[in-house]
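Every letter in the sequence shown is one number past the one before it in the working numbering, and letter 118, counting from 1, is 629. Glycine included, each C-beta is placed from N, C-alpha and C at the ideal position. Remarks on the structure that follows.
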Amino acid sequence: MQKDFVSIADLTTDEIDKVFNLTAHLKKEVKEGKEHHLLKNKTLAMIFEKPSLRTRVTFETGMVQLGGHAIYLSPTDIQLGKRESIPDVAKNLSRWVDCIMARTFAHNTVVELSENATVPVINALSDREHPCQILADFFTILEHKGKLNGLKIAYIGDSNNVCNSIILFSSIYGLNLKVASPKGYEPDPPILETADKIKNRTFELTVFNESVSAVDDADVIYTDIWASMGQEDEREKRVKTFKDFQVNDRLVSKAKKDVIVMHCLPAHRGEEITDEVIDGPHSVVLDEAENRLHTEKALLVKLLKK
Ligand code: CP
Ligand code: NVA
């Protein structure tokens with residue numbers, strides 16, 4: 512395993528399988544009331560340039576459940592790159608804590624932290640990727656479908672950080688992925704180039720500019736907000752551009768009968784997804800949210816206990 516988890520592509524399929532196996536074990540045992548203080552006395556520093564509910568709570572709870580401790584550093588606390596340079600922050604934190612987790616605007620900020628820290632650095636969402644989310648999501652798919660290979664996955668909406676990590680995961684694993692985005696919002700060429708370089712031979716990616724073809728025969732439909740954190744100014748324009756990319760009952764009815772519907776949350780109900788779908792029988796969004804906790808615990812153990 513590499514020192515850091517900056518991109519989902521930092522893990523091999525073998526390492527992902529190991530993280531998933533440990534996740535299943537820890538999830539089962541924590542529900543049975545068994546304690547695993549595998550990270551006793553370890554400290555995680557959590558740097559946030561953007562807001563969070565799930566990421567903050569799951570990492571902090573996860574560290575406590577593993578016998579460790581987490582420190583929340585808000586945007587006003589350290590002012591990365593303003594009050595102090597990114598390398599200086601990384602070097603200082605490395606003298607005190609055992610791991611650094613960062614949610615940043617520029618992807619390069621997480622990269623710079625990882626290059627300057629002597630302890631593992633975890634990307635907890637950057638403008639390019641959201642690898643922790645994707646670990647939880649594919650673990651959730653595995654729980655519901657019993658397998659990953661051979662499934663048809665449809666991502667509907669903005670080709671954003673979450674979509675990028677889904678593309679890279681699908682590439683490593685050799686999955687069949689369809690992405691439907693409006694013209695001008697399709698996956699970025701550098702992500703497609705990386706996916707092509709690291710791909711397993713069974714990887715198939717098709718990009719559409721309409722959603723119905725993408726969900727045809729799909730086992731999984733995934734969507735995310737149309738304007739990500741940092742794109743608030745574009746929200747009004749995007750709501751108009753993306754209006755035909757809503758995941759609603761009509762779209763879900765075009766997929767397989769037992770399709771699962773996923774969303775990383777937070778959702779803008781009535782925009783990218785309707786109440787009927789997110790609260791309906793196909794939705795697994797709360798399983799995804801719960802699995803953030805279990806997959807992150809497994810990831811922390813794998814990174815910190817080598
Ligand atoms: N899905 C996710 O990362 O949620 P938060 O932004 O609330 O952490
Ligand atoms: N794409 C969203 C994900 C939020 C968890 C964003 O970056 O805001």
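Which residues mark the beginning and the end of the alpha helix (DSSP H) in which residue i is found?
i      : result
Asn627 : 618-627
Glu801 : 796-815
Cys643 : 642-656
Asn532 : 524-542
Lys748 : 746-752
Met574 : 565-576
Which of the three DSSP states, helix, strand or coil, is assigned to residue i?
i      : result
Asn675 : helix
Lys602 : helix
Met818 : Since the displayed the chain opens at 512 and closes at 817, residue 818 lies outside it and no answer follows.
Ala520 : helix
Ala474 : Residue 474 falls outside the range modelled here, since the chain spans only 512 to 817, and no answer is possible.
Tyr696 : coil
Leu758 : Strictly speaking, residue 758 in this sequence is Val, with Leu absent from that position. Note: Val758 maps to strand in three-state DSSP.
Thr785 : coil
Val632 : strand
Val763 : helix
At what residues does the beta strand (DSSP E) containing residue i begin and finish?
i      : result
Arg614 : 610-614
Phe719 : 715-719
Lys708 : Careful: Lys708 lies outside any beta strand (DSSP E), inside the alpha helix (DSSP H) at 700-709.
Ala581 : 580-584
Leu662 : Counting along the chain, Leu662 falls outside any beta strand (DSSP E), and DSSP gives it neither H nor E.
Val770 : Looking at the DSSP string, Val770 is not in any beta strand (DSSP E), and its letter there is neither H nor E.
Leu557 : Position check: residue 557 holds Met in this sequence, whereas Leu was assumed. From DSSP, the beta strand (DSSP E) with Met557 extends over 554-559.
Judging by CA-CA distance, which residue of the options is the nearest neighbour of residue i?
i      : options                        : result
Ile702 : Asp790, Ile789, Gln644, Glu640 : Glu640
Lys593 : Gly661, Glu546, Glu560         : Glu560
Val517 : Val788, Val796, Val530, Ser625 : Ser625
Gln590 : Leu564, His580, Thr615         : Thr615
Leu790 : His618, Val772, Glu801, Met740 : As written in the sequence, residue 790 is Asp, which differs from the Leu given in the question. When only C-alpha atoms are compared, the closest one is Val772.
Lys658 : Thr629, Lys751, Tyr684, Lys602 : Tyr684
Ser605 : Pro586, Leu584, Val622, Asn627 : Asn627
Arg803 : Gly544, Thr620, Ser563, Lys514 : Ser563
Thinking residue i and residue j are a contact (beta carbons under 8 Å), I'd like their distance in whole angstroms, please.
i      : j      : result
Ala755 : Ser794 : Going by the sequence as given, residue 755 is Asp instead of Ala. Not quite, the Cβ-Cβ distance comes to about 21 Å (not below 8 Å), so this is no contact.
Leu662 : Leu686 : 7 Å
Within 8 Å of any Cβ in chain D, is that where the Cβ of residue i sits?
i      : result
Asn532 : Included in the structure is just one protein chain, with no chain D present.
Original post:
Is the region 607-626 in contact with the region 544-562, if contact means three or more CB pairs nearer than 8 Å?
Top reply: yes
**OP:** Would you be able to state if there are at least three C-beta pairs under 8 Å between the region 624-644 and the region 559-576?
**Re:** yes
Subject >> Three or more C-beta pairs below 8 Å linking the region 724-743 and the region 758-771 >> reply: yes
Subject >> Inter-stretch contact at 8 Å, needing at least 3 Cβ pairs: the region 733-740 / the region 654-672 >> reply: yes
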